[in-house]
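Protein chains: 2
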Amino acid sequence: MNHTDKQNPIPGEASRKPIGVFDSGIGGLTVVKRLAITLPNENIIYFGDTARVPYGSKSNSTVIEYSIQNTKFLLQKNIKALVVACNTASSIAIPDLKKMFDIPIIGMIEPGSRMALKKSQSKNIGVIGTRATVGNLAYSKEIKKLNSSAQVVEKPCPLFVPLAEEGWIKHQATFEIAEEYLNELREIGIDTLVLGCTHYPILAEVIQEVIGSKVELIDSGVASSEVIKTELEKLDLLSDSKTSGVQEYYVSDIPAKFKEVAELFLGREIEHVHKVDLEVLISEY
Amino acid sequence: MNHTDKQNPIPGEASRKPIGVFDSGIGGLTVVKRLAITLPNENIIYFGDTARVPYGSKSNSTVIEYSIQNTKFLLQKNIKALVVACNTASSIAIPDLKKMFDIPIIGMIEPGSRMALKKSQSKNIGVIGTRATVGNLAYSKEIKKLNSSAQVVEKPCPLFVPLAEEGWIKHQATFEIAEEYLNELREIGIDTLVLGCTHYPILAEVIQEVIGSKVELIDSGVASSEVIKTELEKLDLLSDSKTSGVQEYYVSDIPAKFKEVAELFLGREIEHVHKVDLEVLISEY
């Protein structure tokens, strides 16, 4: 018993560590929402790099550098696993993060791609995202790596992020913009549509109505939450806590309307928001 | 004669130096467009800090630091005057820039405010801008400093920037969004509306139609071009060239669709675009 106690002095200590989640901004809060549904007893620490958003327009080396800083910051908070809740960072930085850090690291692209292939009958899959994500064809490459006969069409929808942040989830203008963006994908006859941006689940209702009820929407936040649950189970790192998990939020800037938008994305009140000094982040991590 | 030659070895040399213009991104190209109309024989050098856009969500000290770097970069290109074609940098960094650099420096806020007061009969003035600009009340403060009895109402229109960048200048969705944003200002009964973001002149037609033909729109790019013309005249620094000026463009990143959007903003083909390495910008300026 003594020997076991030394290895694990407090029973369940390692498993009660929080899950870390980072994003370039606030979009990743839709992933936290899903994670808290899938793993309600887990503690979650979120870091949103709101001072340096967006990552999509930055060079690969910058995105990798920022992702490493964000991960080091979360590791210092003693996380047991990491969710990269940012499609840009997922597509660029995950190989480097996996090389550098010895914890389970889950992105958006692979879980979302696997779920799309699982749900799709026709293997005609659509992907919508920011101009940067779509420009990199990150989902197309991943889906075709997993199933070379799949057909993937990607379409950038740049107005969806500001529409989600405005909270115009049922506005007539949102329907018209969705019509304009999704018309082409509807005509191609996809049966599955990946929401390739963590902001987009906010507009899921409009997107579903415009693309048609027969098309299955894939929320990468749902997909990645299931993957991390399986990973933690395998490693015996699921929390044994019987009470609801606690969420803590760190951001590098608190822009105007932050609380309002964050709560829309998270689906509930946001508490425990701390501002991280960017200079400290850069120099210490 | 010799004495004069020594002071000014090539006649008109100082006056033939370019005018420098910087912005956090590409919005400032609408200012370049106006500047080239007002001063067709002047050479212009533009720097768009596309890698670090937007400035609006950054701290004051960061905006000042970036503005100093951008100005030093342009000074190295031998500019004779500077236009800060970014509302955020104009409202925050101009006092520091004026202290540090001994050339004429013109922003957006003061010229736009003066022109609004000049055009307005009722002194009921509206201002639209990004959430950051409106949050700072930069135009309200400037207008009230110039005329304490003026009434100013500011309204953020966050979707106008992405709509302008999408080029949806006559889209039904743009009209509906403008209706939503401008309804309140129309009901208040303003007679003058300041376009407090350098992207907004792209949407001037929709904005004019929605706000009504009796409301005068103020383009700060037009206002600042007139101010810089007057300044250069006073200092005897207007170019004596009889041929059309040349424009050169530097950006810290070339994002997707850059050329298309830049040409929409500039109103003509864009040539001579150079990418500036951000690390060089930070370390050398």
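For the record, the sequence lines run as chains A and B.
Take the first sequence: its letter number 254 is residue 550 in my numbering, and every next letter is one higher.
Take the second sequence: its letter number 163 is residue 459 in my numbering, and every next letter is one higher.
Using N, Cα and C, we set each Cβ at its ideal position, and we do this for glycine too.
Computed from a predicted model, the values in this text were never measured in an experiment.
- Among the bridge pairs identified by DSSP, H570 of chain B is matched with B:Y546.
- For S363 of chain B, the closest Cβ of chain A is not nearer than 7 Å.
- L489 of chain B has a beta carbon lying at 7 Å or more from every beta carbon in chain A.
- Taking 7 Å as the cut-off, the beta carbon of G408 of chain B is found no closer than this to the beta carbon of A500 of chain B.
- Within a 10 Å sphere around the beta-carbon of T384 of chain A sit 16 or more other beta-carbons, which makes this residue buried.
- Annotation: Cβ neighbours of K354 of chain B in chain A (cutoff 8 Å, chain order): A347, D549.
- Three or more beta-carbon pairs drawn from the region 415-432 of chain B and the region 481-491 of chain B are found closer than 8 Å, and the two stretches are therefore classed as touching.
- Collapsing the DSSP output to three states places K525 of chain B in a helix.
- Of the residues A:S579, A:C382, A:L442, the one whose Cα lies closest to the Cα of G425 of chain A is A:C382.
- Cβ neighbours of E512 of chain B within its own chain (closer than 6 Å, five residues either side excluded): K415, T488.
- Think of a sphere of 8 Å around the beta carbon of G431 of chain A: the chain B residues whose beta carbon falls inside it are A552, in chain order.
- A Cβ-Cβ distance of about 5 Å is found for the pair I341 of chain B and K373 of chain B, placing them in contact under the 8 Å criterion.
- Under DSSP, Y342 of chain B forms a beta bridge with B:V317, B:Y545.
- Put simply, the CB of L499 of chain A is far from chain B, with every gap to its CB atoms at 7 Å or more.
- In the DSSP assignment, N337 of chain A falls outside any alpha helix (DSSP H) and carries neither an H nor an E.
- Residues of chain B whose Cβ lies closer than 8 Å to the Cβ of L459 of chain A are, in chain order, L455.
- The continuous stretches of beta strand (DSSP E) do not include D487 of chain A, and DSSP gives it neither H nor E.
- Distance from the CA atom of K530 of chain B to the CA atom of T429 of chain A, rounded to whole angstroms, is 50 Å.
- Minimum Cα-Cα distance from G508 of chain A among the listed residues A:T326, A:N479, A:G344 corresponds to A:N479.
- L533 of chain B places its beta carbon less than 7 Å from that of S311 of chain B.
- Between the region 536-551 of chain A and the region 431-440 of chain A, the count of Cβ pairs shorter than 8 Å is below three; the stretches do not touch.
- By the beta-carbon neighbour count (other beta carbons within 10 angstroms, threshold 16), N339 of chain A is buried.
- Listed along the chain, the chain B residues whose CB falls inside 8 Å of the CB of R312 of chain A amount to none; the nearest CB is some 35 Å away.
- In the three-state scheme derived from DSSP, where H, G and I count as helix and E and B as strand, V557 of chain A is classed as helix.
- Cα atoms of K555 of chain B and T494 of chain A: separation of roughly 28 Å, rounded to the nearest angstrom.
- Bridge pairing for Q447 of chain A: A:N420 [DSSP].
- Residues T494, P497, G517, F561 of the same chain have their beta carbon placed closer than 6 Å to that of T326 of chain B, with the five preceding and five following residues left out of the count.
- Shown here, L513 of chain B sits in a strand according to DSSP, grouped into three states.
- In this structure, the alpha-carbon of A552 of chain B lies about 11 Å from that of P452 of chain A.
- Annotation: Cβ neighbours of A428 of chain A in chain B (cutoff 9 Å, chain order): P551, A552.
- At the C-beta level, G321 of chain A and V349 of chain A come within 7 Å of one another.
- Separation of the CB atoms of L331 of chain A and S521 of chain A is rounded to 5 Å, and the pair is thereby assigned contact status at 8 Å.
- In terms of Cβ geometry, T334 of chain A and K525 of chain A form a close pair [threshold 7 Å].
- For I473 of chain B, the C-beta contacts it makes with chain A under 7 Å involve A469, in order along the chain.
- Within the same chain, A377, E527 come within 6 Å of P400 of chain B by CB-CB distance, once the 5 residues on both sides are set aside.
- Here I473 of chain A is near L455 of chain A, since their CB atoms are less than 7 Å apart.
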